[in-house]
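Residue numbers (the numbering used here), protein chains in the order written: chain A, 1 to 460; chain B, 1001 to 1121. The beta-carbon is built from N, C-alpha and C at its ideal position, and this holds for glycine as well. Note that the structure is a prediction, hence the values are computed from the model and not measured. Here's the structure we're looking at; comments come further down.
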Amino acid sequence: MKLSSLQQIAVSELLNGFPHAIVLLDTGLRVAEMNCYLEALTGYTSAQARGVYGSFILRCNLGPKNQHFRKALETGEPISIEGNIINRNHKKIPIQFTISPLRSESDDIVGLLVVLEDISILQNKSQRIYDGTEVILGHSPKMQEVFGLMPVLAHTDASVLITGETGTGKDIIAEAIHKASKRARHPFIKINCGALPESLLESELFGYVRGAFTGAVKDKPGMFRLAHDGTIFLTEIGDLPMPLQVKILSVLDDKEFYPVGGTQKVKVDVRVIAATHRNLREQIQHGRFREDLFYRLNVLRIHLPPLREREGDIRLLLDHFLREFDSKLNKTIKGFTTNAHNKLLSYAYPGNVRELRNIIEYAANICQGKRIRSEHLPQYIFTSQTGNTLPQPKAYDIGQQEEISRPETSKARPGNWNDIEKEMILQTLTKTRGNRSQAAEILGWGRTTLWRKLKMHGFT
Amino acid sequence: MEKINKILITIQGNFVAPRFDMVSEVLIASTDGQKLTEKPRTILISRPSADELCSFITKEDIAIVVCGGIEERHYKYLSWTKKKIFDSVIGPHAEALQLVLQNRLVSGAILPGAVGGESSP
């Protein structure tokens, strides 16, 4: 590319008008011109860089032979690729490169225009919340609402109720709220209220004193005391047995409790975050959840949308998890074939982000090539009844009082998962003639899970 | 008797390699402070890795490192292990080596051979 001095000035000014770092390379891949944003990004001035090979100035990771630049020159097609550069201050910066061939009036390729978009800012803005290790991804309006609400939740000390379907990330949100709160330096204790039988759960939550029952040979502090000054996260609060609901209510009100078998009250300063995938108002109607506890927990509410309501996030999550597993499994998978990608975008994901992550983990393990094809995806997503049709959203209460009198909406509809699961349990129990251990083994669950599900479906 | 110092230059073809973490070849030279004491040799690195290259530099008892872009943690590690580092150097490695011997190389230098040369990096 030969430019007169006047033209160079004009080009340089033109390039400075764009909000991204830009470099013009000649057909020998030397720098012809670059704008002020690239000067700031690389630490080299235009005058220093002119005539030097672009790869020496950019110091990108797009391959030692400049394959992508050469490919754009040969094919005449623009290329967009993610990579990084190392600047003169020793900082590695993630970059989205867009490489476009430049043509002369006679349609000959005379050089390349390379746009470098610093994507670290984008990543920091909406993908990585707080400084926790967990990453919350989402660009959809509904997730932006959640992200907007989180700092508010973090800066108060009130109880929080997190609702959302299974696999939507309730645990991650709870931990992120704790990490961003003033209690961040203190413990974050998580307990699953649905995983333990009532008696065990009580001693886990409130601890016991020596001699309270056979085997209690020494005092046990309990989760509430361990979480002193920190946060206790009660997940699956909808499965909490009624007698314990009373005790939790009293802790929330008085900030003190009696350990099992104890005669002395223990004072604690704990913030409670609760989560459930159940409709608590429905539970109240059925007498399975205390209304007063619901109102006590429901001071601040955050509802996590199911994946099917998060427009555009499936694509983002697919790319994110593919990168994650590609790196973890030390593979070189570059993406999906069009068919596989379309299937993944149209699938309903009843198990939400957790299911999507598992699908990508499965595919990344199976795939031996550069792209994930349809045959690398789990077969059930092609046969699943919900695979091609988006299921109706579950009726989560959104806080309005009048919703209590709504007709039951999440009651098993014919063909929904509740029905299928109920039928599956019944069939297995019939097959094992009521032997629960065998049934649990056949179903691939633990005995406790089977017990919980039997209870949930009203079999006990 | 003059102390012998070992110089390592990360290379790509005839040039100083633009990135420390993507290097697959290095040049090692020994100097008594003024001239080379033996013919420089090149070594191929089996797998580009900044961590492994740092270990190699330590194991080989290199005193001077000449390289292109290098990440902060590797730069700090090498500085901490008392290596003299000339980073962000752009240009032919032969020119860089001459400038080291003449005690004239500086970090961030764009050497004359870097501009307008015909040989591709």
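- Under a 10 Å Cβ-count criterion, A/Q283 is classified as buried, with 16 or more other Cβ atoms of the shown protein chains found around its own Cβ.
- With contacts defined as CB atoms closer than 7 angstroms, A/I109 and A/G76 qualify as a contacting pair.
- Rounded to the nearest whole angstrom, the C-alpha separation of A/S120 and A/V246 is 48 angstroms.
- Between the segment 1021-1039 of chain B and the segment 1001-1013 of chain B, the count of Cβ pairs shorter than 8 angstroms is three or higher; the stretches touch.
- Annotation for A/P94: N84, I119 and S120 place their beta carbon closer than 6 angstroms to its own, counting only its chain and skipping 5 residues before and after.
- Fewer than three pairs of CB atoms, one per stretch, sit closer than 8 angstroms, so the segment 167-181 of chain A makes no contact with the segment 283-299 of chain A.
- Within the model, the alpha-carbon separation for B/V1066 versus B/I1090 is close to 10 angstroms.
- The Cβ atoms of A/L137 and A/L317 sit closer than 7 angstroms to each other.
- Here the alpha carbon of A/E256 sits roughly 21 angstroms from the alpha carbon of A/T235.
- In this structure, the straight-line span from the alpha carbon of B/L1111 to that of A/N365 is close to 47 angstroms.
- In the structure shown, A/V299 falls within a coil segment according to DSSP collapsed to helix, strand and coil.
- Of A/H178, A/V114 and A/M34, the smallest CA-CA separation from A/L73 is found for A/V114.
- With respect to chain A, the C-beta atom of B/P1018 has a partner C-beta closer than 7 angstroms.
- Listed by position along chain B, the residues whose Cβ is nearer than 9 angstroms to that of A/N61 are R1019, D1021 and M1022.
- In the DSSP annotation of this structure, the continuous segment of the beta strand (DSSP E) that includes A/R103 starts and ends at K92 to R103.
- By the criterion of at least three beta-carbon pairs nearer than 8 angstroms, the segment 150-169 of chain A is not in contact with the segment 332-341 of chain A.
- In the three-state reduction of the DSSP assignment, A/V266 falls in the strand class, which pools E and B.
- A/G312 has its alpha-carbon roughly 30 angstroms from the corresponding atom of A/H155.
- Residue-level contact by beta carbon fails for B/I1085 and chain A, as no gap is shorter than 7 angstroms.
- Nearest to A/R271 by C-alpha distance, out of A/D292, A/A184 and A/A10, is A/A184.
- When the five nearest sequence neighbours on each side are left out, the beta carbons in the same chain lying within less than 6 angstroms of the beta carbon of A/P221 are those of G207, in order along the chain.
- Taking one beta carbon from each stretch, the segment 1097-1114 of chain B and the segment 1030-1044 of chain B have 3 or more pairs nearer than 8 angstroms; the two touch.
- Nearest C-alpha to A/F97 among A/T263, A/R371, A/N87 and A/L58: A/L58.
- Taking a cut-off of 8 angstroms on C-beta distances, the segment 428-446 of chain A does not touch the segment 175-183 of chain A, as fewer than three cross pairs fall below it.
- Against chain B, a Cβ distance below 7 angstroms from A/H90 picks out I1070, E1071, E1072 and Y1075.
- If one requires a minimum length of 3 residues, the beta strand (DSSP E) runs lying completely within the segment 267-354 of chain A are 271-276 and 300-304, in chain order.
- Less than 7 angstroms divides the Cβ of B/G1068 from the Cβ of B/A1017.
- DSSP places A/R30 within a strand segment (E or B) once states are collapsed to three.
- For A/A440, no beta strand (DSSP E) segment is defined; the enclosing uninterrupted segment is the alpha helix (DSSP H) at R436 to L443.
- Among the CB atoms of chain B, none fall inside 7 angstroms of the CB of A/S199.
- Using a CB distance below 7 angstroms, the part of the segment 39-72 of chain A facing chain B consists of Q48, G51, V52, Y53, S55, F56, R59, N61 and P64, ordered along the chain.
- A/I119: not part of any beta strand (DSSP E); DSSP gives it neither H nor E.
- Closest in alpha carbon position to A/L356, among A/P378, A/R371 and A/R373, is A/P378.
- Residues of the same chain with a CB within less than 6 angstroms of the CB of A/V209, apart from the 5 flanking positions on each side, are D219, P259, G261 and G262 in chain order.
- Annotation for A/R70: the continuous alpha helix (DSSP H) segment containing it runs Q67 to T75.
- In this structure, A/L14 and A/G111 do not form a Cβ contact; the two beta carbons are roughly 14 angstroms apart against a cut-off of 8 angstroms.
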